[in-house]
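Numbering (the working numbering), first residue to last: 221 to 653.
Heads up, the thing below is written out as structure tokens.
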Ligand SMILES: *Cc1c(COP(=O)(O)O)cnc(C)c1O
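This is the structure:
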């Protein structure tokens, strides 16, 4: 399979090239040349397949031409060593719980898959060590670090702003050891991001070591997110609730929902999508007006969705050839203030006993307000409420139990390297690695 750039000016790339490069040279996002349709027979039996079996069929459509069947199967099965169950919240609203992976957020799926795919390419081509640089404000660093932990041939450097990530988040990438190094930068997130960008542009450094990013726009992180849409459908079909299925996705950078849209192109019978935004309502306004006006993000309690210029908008635009009417007939949008998000978390807990995290709350509320007669909705519960423990406890007035997996990180010993925000210091450090 070849991958083209949404900006149309870069050369087509192989899967290996697209994974190592992340972004195309014209700054566009990679798209597969063909999105294969899956056969009727697959959808006929999907409700009887396991998550791993479903995912492998989808992975084969994306990557089957580039990775031998046995290897791809191994990668998929290793990636998905946890469940993504659909859980009933009300009669016609279900939660797709994507927080049963190692760092309790959906980003585990893409990060684990990408790590294994990159590991395969490195081994096959006998490349020298690849170094992944990732800047994080919290969640991405933990998913990437844990996804790549112990993968041979890859070393990960996580750059994070000192004192600006929560204790729970910090321990998820500073206690791992092995091939993961945490760099504690004396600055803010933007400084970390600038260090990473400068590193990719520095010729001498790139001569010295092979650098790559594990950014969420990478096709190997993005496409595997389609797996759980198929599995959600399978579970709803088993419950005889799949006829008029609406999928609702709490969205920030719009990678997650775009993977679902790909699923629909592959034949997945989803009636329509809802993109739930917090106060960062750029996509919501695009749907209303046809104008895409990015602006600086505003801070909210659903902070993983605080994005003012969603990267994957370029993929949605490309998928529908820029046709606003087509996009808005497939996807509707909502936007919520922090007060509305908090109110939803509280009311849902009181009325149903289901504990939402602030991101999932946007999804749940959007379904409550949007479902039509005869429709059934599934929202993506993108993170475990314990990841936002104090916020959730303040809102619902109850203690949130911390899952063992998360508690285990907190027992580990923190190890990090102190770093200034000065690029020359960062470069000197890497040149000595
Ligand atoms: C990253 C993230 C999102 C947003 O997903 P996108 O693919 O960027 O739209 C939503 N919720 C949580 C918990 C996240 O970590």
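Using N, Cα and C, we set each Cβ at its ideal position, and we do this for glycine too.
Task: Status (buried if at least 16 other CB within 10 Å, exposed otherwise) for residue 332 - done: Here residue 332 is taken as the residue at index 112 of the chain shown, counted from 1. Buried, since its Cβ has 16 or more Cβ neighbours within 10 Å.
Open item on the list: When you compare the region 359 to 368 with the region 508 to 520, are there three or more beta-carbon pairs, one atom per stretch, that lie closer than 8 Å?
Closed with: Not touching, per the Cβ criterion.
Open item on the list: Using CA atoms only, rank isn't needed, just tell me which of 621, 601, 600 is closest to residue 609.
Closed with: For the purposes of this step, residue 609 is taken as the residue at position 389 of the chain shown. Looking at the Cα atoms, 621 is the closest of the given residues.
TODO: Return yes when at least one heavy atom of ligand 2 lies under 7 Å from the C-beta of residue 475, else no.
DONE: Ligand 2 is absent from the structure shown, which contains only ligand 1.
TODO: Just grab the DSSP bridge partners of residue 603 for me.
DONE: One-based indexing of the chain shown puts residue 603 at position 383. Residue 603 pairs with 325.
Task: Span separating the alpha-carbon of residue 552 from that of residue 586 - done: The count along the chain shown starts at 1 and reaches residue 552 at position 332. The count along the chain shown starts at 1 and reaches residue 586 at position 366. It is roughly 10 Å from the alpha-carbon of residue 552 to the alpha-carbon of residue 586.
Open item on the list: Less than 8 Å between the C-beta atoms of residue 475 and residue 437, yes or no?
Closed with: Start at 1 with the first residue of the chain shown, and residue 475 comes out as number 255. Start at 1 with the first residue of the chain shown, and residue 437 comes out as number 217. Against a cut-off of 8 Å, the Cβ pair of residue 437 and residue 475 comes out as a contact.
Task: Range covered by the beta strand (DSSP E) that runs through residue 552 - done: Walking along the chain shown from the start, residue 552 turns up at place 332. Start and end: 551 to 555.
Task: Range of the contiguous alpha helix (DSSP H) that encloses residue 401 - done: The residue you call residue 401 lines up with position 181 of the chain shown. In the DSSP assignment, residue 401 falls outside any alpha helix (DSSP H) and within the unbroken beta strand (DSSP E) covering 400 to 405.
TODO: Under 8 Å by Cβ, that's how I've got residue 403 and residue 637 pegged, so tell me the actual separation to the nearest angstrom.
DONE: Along the chain shown, read from residue 1 onward, the residue named residue 403 stands at position 183. Along the chain shown, read from residue 1 onward, the residue named residue 637 stands at position 417. Confirmed, Cβ separation roughly 5 Å.
Task: Closest residue to residue 448 among 523, 401, 326 (Cα-Cα distance) - done: Walking along the chain shown from the start, residue 448 turns up at place 228. Across the set 523, 401, 326, the C-alpha of 326 shows the shortest separation from the C-alpha of residue 448.
Task: In chain order, each beta strand (DSSP E) run of at least 3 residues that lies wholly inside the region 390 to 476 - done: The qualifying runs are 400 to 405, 430 to 433, 465 to 470.
Open item on the list: ligand 1 and residue 525: does any heavy atom of the ligand fall closer than 7 Å to the residue's C-beta?
Closed with: Within the chain shown, the letter at position 305 stands for residue 525. Yes, Cβ of residue 525 sits closer than 7 Å to a heavy atom of ligand 1.
Open item on the list: Is residue 602 close to ligand 1? I mean its beta-carbon at under 7 Å from any heavy atom of the ligand.
Closed with: Mapped onto the chain shown, residue 602 falls at position 382. Yes, the beta carbon of residue 602 sits closer than 7 Å to at least one heavy atom of ligand 1.
- [ ] Output the boundary residues of the beta strand (DSSP E) element that contains residue 592.
- [x] Locating residue 592 in the chain shown gives position 372, counting from the first residue. Boundaries for residue 592: no beta strand (DSSP E) harbours it, and the DSSP string shows neither H nor E there.
TODO: May I ask you to list the residues that DSSP assigns as paired with residue 315?
DONE: For this step, residue 315 is matched to residue 95 along the chain shown. 307, 599.
Open item on the list: Under 8 Å: do the region 576 to 594 and the region 531 to 548 share three or more Cβ pairs, one atom per stretch?
Closed with: No contact exists between the region 576 to 594 and the region 531 to 548.
Task: Sequence-distant residues of the same chain with beta carbon closer than 6 Å to residue 248, five excluded per side - done: Along the chain shown, read from residue 1 onward, the residue named residue 248 stands at position 28. Correct list, in chain order: 225, 226, 227.
TODO: Compute the minimum distance between the beta carbon of residue 321 and the heavy atoms of ligand 1, and state whether it is under 7 Å.
DONE: Numbered from 1 along the chain shown, position 101 holds the residue referred to as residue 321. Relative to ligand 1, even the nearest heavy atom lies 7 Å or more away from the CB of residue 321.
Task: Spatial distance of residue 546 from residue 537 (CA atoms) - done: Here residue 546 refers to the residue found at position 326 when the chain shown is read from its first residue. Here residue 537 refers to the residue found at position 317 when the chain shown is read from its first residue. One alpha carbon belongs to residue 546, the other to residue 537, and they sit about 10 Å apart.
Task: Range covered by the beta strand (DSSP E) that runs through residue 386 - done: In the chain shown, counting from the first residue as 1, residue 386 sits at position 166. Residue 386 -> no beta strand (DSSP E), and no H or E assigned at all.
TODO: Go ahead and pull the three-state DSSP assignment for residue 650.
DONE: For this step, residue 650 is matched to residue 430 along the chain shown. In the structure shown, residue 650 sits in a helix (DSSP, three-state: H, G or I).
Open item on the list: Here's the rule: buried if 16 or more other CB atoms are within 10 angstroms of the residue's CB, otherwise exposed. What is residue 309?
Closed with: Numbered from 1 along the chain shown, position 89 holds the residue referred to as residue 309. So residue 309 ends up on the buried side.
Open item on the list: If you reduce the DSSP assignment to three classes, tell me which class residue 536 lands in.
Closed with: Locating residue 536 in the chain shown gives position 316, counting from the first residue. DSSP places residue 536 in helix when its eight states are reduced to three.
Open item on the list: I need the DSSP call for residue 565, collapsed to helix, strand or coil.
Closed with: Position 345 of the chain shown holds residue 565. If DSSP states are grouped into helix, strand and coil, residue 565 belongs with the helices.
- [ ] Whole angstroms is fine: what's the gap from residue 298's alpha carbon to residue 375's?
- [x] The sequence position of residue 298 within the chain shown is 78, counting from 1. The sequence position of residue 375 within the chain shown is 155, counting from 1. It is roughly 19 Å from the alpha-carbon of residue 298 to the alpha-carbon of residue 375.
- [ ] Return the chain-ordered list of same chain residues with a C-beta closer than 6 Å to the C-beta of residue 229, the five sequence neighbours on each side being excluded.
- [x] Within the chain shown, residue 229 is the residue found at index 9, counting from 1. For residue 229, where only same-chain residues beyond five positions count, the Cβ hits under 6 Å are 246.
Task: Secondary structure of residue 515, DSSP reduced to three states - done: Reading the chain shown from its first residue, position 295 is the one you call residue 515. Coil.
TODO: Report yes if the C-beta of residue 185 is less than 7 Å from at least one heavy atom of ligand 1; otherwise report no.
DONE: For residue 185 there is no data in the structure shown, the boundaries of the chain being 221 and 653.
TODO: State yes or no: is the beta carbon of residue 295 nearer than 8 Å to at least one beta carbon in chain D?
DONE: Among the protein chains of the structure shown there is no chain D, as only one such chain exists.
Open item on the list: By alpha-carbon positions, which one of 583, 556, 397, 605 ends up nearest to residue 575?
Closed with: Position 355 of the chain shown, counting from 1, holds the residue named residue 575. The shortest Cα separation from residue 575 among 583, 556, 397, 605 belongs to 605.
- [ ] Could you tell me the distance, in whole angstroms, from the CA atom of residue 221 to the CA atom of residue 440?
- [x] Within the chain shown, residue 221 is the residue found at index 1, counting from 1. Within the chain shown, residue 440 is the residue found at index 220, counting from 1. Linking residue 221 to residue 440 through their CA atoms gives a straight-line distance of about 13 Å.
Open item on the list: Measuring only from the beta carbon, is residue 471 closer than 7 Å to any heavy atom that is part of ligand 1?
Closed with: Here the question's residue 471 lines up with position 251 in the chain shown. Correct: residue 471 has its Cβ closer than 7 Å to ligand 1.
Open item on the list: Is residue 325 near ligand 1 - that is, is its Cβ less than 7 Å away from at least one heavy atom of it?
Closed with: Working through the chain shown from its first residue, we reach residue 325 at position 105. Indeed, a heavy atom of ligand 1 lies less than 7 Å from the Cβ.
Task: Cβ-heavy atom distance, residue 501 to ligand 1, below 7 Å - done: For the purposes of this step, residue 501 is identified with residue 281 of the chain shown, where counting begins at 1. Not one heavy atom of ligand 1 falls within 7 Å of the beta-carbon of residue 501.
TODO: State the DSSP-derived secondary structure class of residue 544, mapped to helix, strand or coil.
DONE: Residue 544 sits at position 324 when you count from the first residue of the chain shown. Three-state DSSP puts residue 544 in a helix.
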